[in-house]
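Number of protein chains: 2
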Amino acid sequence: MNHTAPSAVPASETGLSEVMLQLGQQARAASALMAKATAAAKNQTLLCLARLLRAQTATLQQANAQDLERAQAAGLSGPMLDRLKLSPQALETVAQGCEQLAAMPDIIGGITGMRQQPSGIQVGQMRVPIGVFGMIYESRPNVTIEAASLSIKSGNACILRGGSEAIASNKALAELVRQALAESSLPADAVQLVPSTDRALVGQLIAMPEFVDLIIPRGGKSLIERISREAKVPVIKHLDGNCHVYVDDPCDLAMALQVVDNAKTQKYSPCNACESLLVAAGVAKEFLPQMAAVFAAKGVEMRCDPLTLEVLKSQPTAPPGAAGQLKVPQLTAATEQDWFEEYLAPIISIKVVAGLEEAIAHINRYGSHHTDAIITSNHQHAQAFLREVDSGSVMVNASTRFADGFEYGLGAEIGISTDKFHARGPVGLEGLTSLKYVVLGQGDIRS
Amino acid sequence: MNHTAPSAVPASETGLSEVMLQLGQQARAASALMAKATAAAKNQTLLCLARLLRAQTATLQQANAQDLERAQAAGLSGPMLDRLKLSPQALETVAQGCEQLAAMPDIIGGITGMRQQPSGIQVGQMRVPIGVFGMIYESRPNVTIEAASLSIKSGNACILRGGSEAIASNKALAELVRQALAESSLPADAVQLVPSTDRALVGQLIAMPEFVDLIIPRGGKSLIERISREAKVPVIKHLDGNCHVYVDDPCDLAMALQVVDNAKTQKYSPCNACESLLVAAGVAKEFLPQMAAVFAAKGVEMRCDPLTLEVLKSQPTAPPGAAGQLKVPQLTAATEQDWFEEYLAPIISIKVVAGLEEAIAHINRYGSHHTDAIITSNHQHAQAFLREVDSGSVMVNASTRFADGFEYGLGAEIGISTDKFHARGPVGLEGLTSLKYVVLGQGDIRS
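The listed protein sequences derive, respectively, from chains A and B. Residue 16 is where the first sequence starts when you use this note's numbering, and the numbers rise one by one after that. Residue 16 is where the second sequence starts when you use this note's numbering, and the numbers rise one by one after that.
Set out below in structure tokens:
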């Protein structure tokens with residue numbers, strides 16, 4: 016595709032800085048070696064990395080302390096400092112993650128679907144790495160190890176660009192990864208960290224298709240939108256999580272209460288938290304007052320359509336056993352914009368719908384194609400919901416909070432895709448690979 | 016993802032013309048119905064379309080005659096007129112293609128890998144359509160039926176933009192598709208043709224992510240490069256086919272002669288024709304003069320590296336049984352640019368390499384990641400070539416000319432991808448689909 020060989024081009028002609036050109040060339044060279052690395056060498060690297068993370072905890076914490084001091088001096092908020100912190104527990108968790116990945120089967124090189132064709136040739140597909148991916152992420156330094164370990168196991172090379180506030184921690188972690196690769200006779204350049212916090216380098220990383228095949232951003236929506244707009248290679252996009260739970264008629268209302276409560280209030284900030292509740296008209300009068308009582312007790316603001324407001328205002332007192340009395344300021348009228356909103360906060364939009372069909376139409380129109388759930392006891396409704404809701408994860412009688420690579424058994428998660436192309440939903444090892452055709456003949460020619 | 020519902024936006028605010036806005040809205044609405052269409056309805060449509068294509072041959076040929084007259088008046092060349100022509104045989108071929116697709120299994124809605132997770136939930140993946148794709152193609156009107164039938168079978172909606180020279184034929188064909196859809200109670204808008212040849216509409220088609228999920232261009236490299244550069248949605252790119260055959264040491268030289276001859280000379284214009292021949296040093300002296308004699312007899316120009324020239328010039332006479340004597344003007348020295356070149360003509364570049372490793376490195380550096388083959392009798396060499404050559408199709412002892420959706424048993428081919436993301440190599444029904452996660456619980460909540 017490139018009519019000039021990448022390695023032959025001087026930096027001045029590519030528009031790339033010397034540092035990015037070098038990272039790119041080294042990554043491309045390393046990716047060829049990683050693609051043919053044995054499962055044993057890759058697993059040995061991961062186990063070695065786990066050992067190093069434990070053995071070097073003190074060194075890593077020293078590096079992390081520099082970042083924390085700088086962040087405190089810069090007046091970063093408490094939650095931001097928490098995310099930046101590399102505690103011994105956090106290091107133990109990522110070390111265990113490396114060991115879990117090492118224990119998983121290697122999917123690279125596997126051939127599936129090999130079949131004889133009428134011409135005589137045999138045709139199948141081999142799973143191969145994507146090549147080189149670039150990852151751009153904010154604050155949490157443990158992402159450095161998560162990304163590196165997934166990259167190694169999937170036979171890719173990667174270029175990592177972490178948040179500037181975590182640069183010392185990330186450099187110390189990346190150094191351990193290089194050491195683990197070298198000790199297992201794999202190329203240290205298979206995992207490289209952009210060594211500078213110069214923002215111009217991000218612009219270069221996402222626009223060098225000769226060296227980088229895929230970009231994975233992790234962070235706020237504005238970061239991801241900007242990267243998607245400016246990238247010259249495919250991007251695994253994770254935009255909003257405007258997740259819905261639809262409480263169907265008929266369903267187990269006690270189950271519905273429990274699942275909606277969990278989906279909304281177990282944590283408010285994750286992308287897989289519920290932001291919008293749809294309730295079938297047939298169960299609204301019984302369900303909504305109980306649900307509202309739970310939300311009221313937890314201080315969740317409810318932005319409601321007229322029918323929901325009508326039900327809740329006609330029954331302002333919570334039923335026996337519910338958590339408390341509704342406070343009127345928590346009940347407001349939803350605007351059109353509310354149905355699109357990802358609050359990431361103790362706020363939920365609520366709408367009464369006629370039934371399944373309206374629920375599916377509403378979700379497909381206003382949702383963000385992330386994760387949506389139905390609570391139902393009707394089999395046909397469950398099947399229709401699974402088939403027709405156009406989202407990366409579609410659930411029956413389960414909390415949207417399960418949408419996660421670990422919960423799905425992917426071993427780890429490099430990101431979540433709200434796109435339909437290549438990968439949907441949580442992206443694990445398979446999302447970092449591709450299938451190529453392999454053809455076996457015996458001197459066959461086409462007539 | 017879109018914070019305003021597509022159907023609510025007036026054309027003036029989208030930058031789209033009324034016609035494209037309408038096509039987009041209709042396609043999006045039809046795609047929801049197609050995604051849940053039964054296999055029976057989709058197959059019935061395809062069989063009905065096959066019947067209509069045969070029953071309406073005369074009408075279709077009248078429409079085609081208008082295009083042919085216009086093309087002749089405009090002075091189009093013979094090969095272009097051939098490509099434009101909708102003969103009864105061409106119509107019979109596409110009708111049979113529809114019947115073959117109807118006979119294939121429906122992959123939509125199938126759930127794979129359903130497994131119980133430690134939390135109690137069951138997680139699997141369901142195959143679903145991409146949604147709406149746009150297809151942009153040149154001259155050959157039978158592509159209208161190929162694209163429409165693949166779109167119907169895969170449960171997508173599509174917007175087709177054929178070449179302006181085939182507009183009358185394409186309109187007549189698209190009308191039959193609409194009729195077949197309507198007769199099977201599926202939305203006629205599931206297949207729409209851009210009714211105008213205004214080129215500005217192509218620019219709009221590739222830049223309306225709210226209505227179109229994927230663009231598939233078929234045509235010359237410059238068309239595809241321009242579309243890839245300007246598109247606001249993913250594009251299945253088919254750039255060059257700089258395909259290699261590597262003649263290994265050891266191999267069956269008679270097989271090598273036959274396969275290389277077929278790969279290069281059976282047809283010169285297809286993207287899967289061989290453009291570059293690599294020969295292991297150990298077999299070069301025996302193989303090259305015989306191969307050169309075949310090429311000489313067929314008038315194929317050979318652009319050679321110094322070692323190849325040395326071998327061929329020291330043995331200017333073809334061996335007994337070969338087709339003729341080498342004419343010196345057919346032998347020229349290859350430039351660096353020749354190794355990158357897709358000739359699509361009776362020209363081949365030839366290079367002697369030390370062995371397997373150099374061959375793989377050369378292919379990965381200069382090739383276009385389309386299709387590459389090895390001729391070998393060494394098992395380890397075959398395995399290494401399959402694993403390490405970074406191309407959409409990698410072959411052992413078979414002609415590169417087999418790289419084709421029909422030959423691979425895909426039933427049909429919407430295009431060929433030289434990318435690594437989503438789909439590599441020939442793209443059939445599966446490339447028009449995606450996998451979403453489905454989660455089944457029993458009221459499970461996350462702790």
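From the three backbone atoms N, C-alpha and C, an ideal C-beta is built for every residue, glycine too.
Practice prompt. Name, in chain order, the residues that DSSP records as bridge partners for Gln140/B.
Written response: For Gln140/B, DSSP records a beta bridge to Thr127/B, Tyr452/B.
Worksheet item: What residues in its chain sit with their C-beta under 6 Å from that of Thr280/B, if we drop five residues either side in the sequence?
Response: Only Lys313 meet the Cβ criterion.
Worksheet entry | Rounded straight-line distance, which links the Cα of Ser46/A to that of Asn171/A | Using only the alpha carbons, I get a separation of about 6 Å.
Discussion item. Going by DSSP in three states, Phe148/A sits in which element: helix, strand or coil?
Written reply: In the structure shown, Phe148/A adopts extended strand secondary structure according to DSSP, grouped into three states.
Item to complete: Assign Pro441/A to one of two classes, buried (16 or more other C-beta atoms within 10 Å of its C-beta) or exposed (fewer than that).
Response: A buried status is given to Pro441/A, since no fewer than 16 other beta-carbon atoms sit within 10 Å of its beta-carbon.
Fill in: CB of Met410/B within 8 Å of CB of Ala388/B, strictly
Yes, they are a contact pair.
Discussion item. Tell me the DSSP secondary structure of Tyr358/A in three-state form.
Written reply: In this structure, DSSP gives Tyr358/A a state outside helix and strand, which the three-state scheme calls coil.
Worksheet entry | Assumed close pair Ala187/A, Thr74/A - CB separation to whole angstroms, cut-off 8 Å | The pair is a contact, with the Cβ atoms about 6 Å apart (cut-off 8 Å).
Practice prompt. Output the distance between the C-alpha atoms of Leu106/B and Leu99/B, rounded to the nearest integer angstrom.
Written response: Rounded to whole angstroms, Leu106/B to Leu99/B spans 12 Å at the Cα level.
Discussion item. With a threshold of 7 Å on Cβ separation, who are the neighbours of Ser284/B within its own chain once the five nearest residues in sequence on each side are excluded?
Written reply: In its chain, beyond the 5 residues on either side, Leu359 have a beta carbon closer than 7 Å to the beta carbon of Ser284/B.
Item to complete: For the stretch 224-239 of chain A and the stretch 227-234 of chain B, state whether three or more C-beta atom pairs, one from each stretch, are separated by less than 8 Å.
Response: The stretch 224-239 of chain A, when compared against the stretch 227-234 of chain B, does not touch it at the 8 Å Cβ threshold.
Practice prompt. In the DSSP assignment, find the alpha helix (DSSP H) that holds Arg98/B and state where it starts and stops.
Written response: Going by DSSP, Arg98/B is part of the alpha helix (DSSP H) stretching over 93-99.
Item to complete: Report the residues of the stretch 121-140 of chain B with a CB closer than 7 Å to any CB of chain A, ordered along the chain.
Response: Using a CB distance below 7 Å, the part of the stretch 121-140 of chain B facing chain A consists of Gly124, Arg130, Gln132, Ser134, Ile136, Val138, ordered along the chain.
Worksheet item: Is it buried or exposed for Gln395/A, if we count other Cβ within 10 angstroms and need 16 for buried?
Response: Counting the other Cβ atoms within 10 Å of the Cβ of Gln395/A gives fewer than 16, which makes it exposed.
Worksheet entry | Residues of its chain near Ser22/A, where Cβ-Cβ distance is below 6 Å and the 5 sequence neighbours each way are ignored | Unreliable placement is indicated for Ser22/A, whose pLDDT of 44 sits below 50; no coordinate value is reported for it.
Worksheet item: Sorted by chain position, which residues of the same chain lie with C-beta nearer than 6 Å to Ala65/A's C-beta, five sequence neighbours on each side aside?
Response: Excluding residues within five positions, the ones whose Cβ falls inside 6 Å are Ala110, Cys113, Glu114.
Worksheet entry | Per-residue burial, Ser462/B [other beta carbons within 10 Å of its own, 16 or more giving buried] | Burial is judged here by how many other beta carbons sit within 10 angstroms of a residue's own beta carbon; Ser462/B has fewer than 16 and is exposed.
Item to complete: Within 10 angstroms of the Cβ of Arg142/A, are there 16 or more other Cβ atoms? Answer buried if so, exposed if not.
Response: The residue in question, Arg142/A, is buried, as its Cβ has 16 or more Cβ neighbours within 10 Å.
Worksheet item: Since Ser32/A contacts Gln207/A with CB under 8 Å, what's their CB separation in whole angstroms?
Response: Actually they do not touch by this definition, with Cβ atoms about 14 Å apart.
Fill in: Inter-stretch contact (C-beta, 8 Å, three-pair minimum) for the stretch 124-142 of chain A and the stretch 445-455 of chain A
Taking one beta carbon from each stretch, the stretch 124-142 of chain A and the stretch 445-455 of chain A have 3 or more pairs nearer than 8 Å; the two touch.
Discussion item. Checking 8 Å against the spacing of the C-beta atoms, do Gly382/B and Asn257/B come in under that value?
Written reply: In this structure, Gly382/B lies near Asn257/B, with their beta-carbon atoms less than 8 Å apart.
Worksheet item: With DSSP run on the structure shown, which of helix, strand or coil describes Gly178/B?
Response: Coil, per DSSP.
Discussion item. Measuring CB atoms only, is the stretch 72-90 of chain A touching the stretch 172-192 of chain A, in the sense that at least three cross pairs come out at less than 8 Å?
Written reply: Yes, since at least three Cβ pairs between the stretch 72-90 of chain A and the stretch 172-192 of chain A fall closer than 8 Å, the two stretches touch.
Discussion item. Does the CB of Val463/B have a neighbour CB from chain A at under 8 Å?
Written reply: Nothing can be reported for residue 463/B, as the shown portion of chain B is limited to 16 through 462.
Worksheet item: Can you tell which of Leu38/B, Thr386/B, Lys51/B has its C-alpha closest to the C-alpha of Ile375/A?
Response: Ranked by Cα distance from Ile375/A, the first of Leu38/B, Thr386/B, Lys51/B is Lys51/B.
Fill in: Within chain A, the residues that Leu106/B reaches when beta carbons sit closer than 7 Å
For Leu106/B, there are no neighbours in chain A by C-beta distance under 7 Å, as the nearest C-beta there is about 24 Å away.
Worksheet item: From this set, Pro120/B, Cys266/B, Leu272/B, which residue's C-alpha is nearest Asn482/B's C-alpha?
Response: The requested residue 482/B does not occur in the structure, where chain B is confined to residues 16 to 462.
Worksheet entry | Status (buried if at least 16 other CB within 10 Å, exposed otherwise) for Gly456/B | Counting Cβ neighbours within 10 Å, Gly456/B comes out buried, since at least 16 surround it.
Worksheet item: Helix, strand or coil for Gly336/B per DSSP?
Response: Residue placement at Gly336/B is poorly supported in this model, since its pLDDT is 41, which falls under 50; the coordinates still yield a value, given next. Gly336/B: coil per DSSP, three-state reduction.
Discussion item. Any beta carbon of chain A sitting closer than 8 Å to that of Ala2/B?
Written reply: Nothing about residue 2/B can be read from this structure; chain B reaches only from 16 to 462.
Discussion item. Under 8 Å: do the stretch 352-371 of chain B and the stretch 294-302 of chain B share three or more Cβ pairs, one atom per stretch?
Written reply: Touching, per the Cβ criterion.
Worksheet item: For the putative contact between Val123/A and Ala42/A, defined by C-beta atoms under 8 Å, what is the C-beta separation to the nearest angstrom?
Response: Before going on, a small fix: residue 123/A reads as Ile here, not Val. Not quite, the Cβ-Cβ distance comes to about 18 Å (not below 8 Å), so this is no contact.
Worksheet item: Any heavy atom of the ligand GDP within a distance shorter than 7 Å of the CB on Met49/B?
Response: The ligand GDP is not part of this structure, which contains no ligands at all.
Fill in: Inter-residue spacing [alpha-carbon to alpha-carbon] between Asp121/B and Gln273/B
Whole-angstrom Cα-Cα distance: 38 Å.
Fill in: Cys266/A: first and last residue of the uninterrupted beta strand (DSSP E) it sits in
Where Cys266/A is concerned, there is no enclosing beta strand (DSSP E), because DSSP gives it neither an H nor an E.
Worksheet item: Listing by chain order, which chain A residues have their CB less than 7 Å from the CB of Gln457/B?
Response: Near Gln457/B (Cβ distances below 7 Å), the residues of chain A are Asn412.
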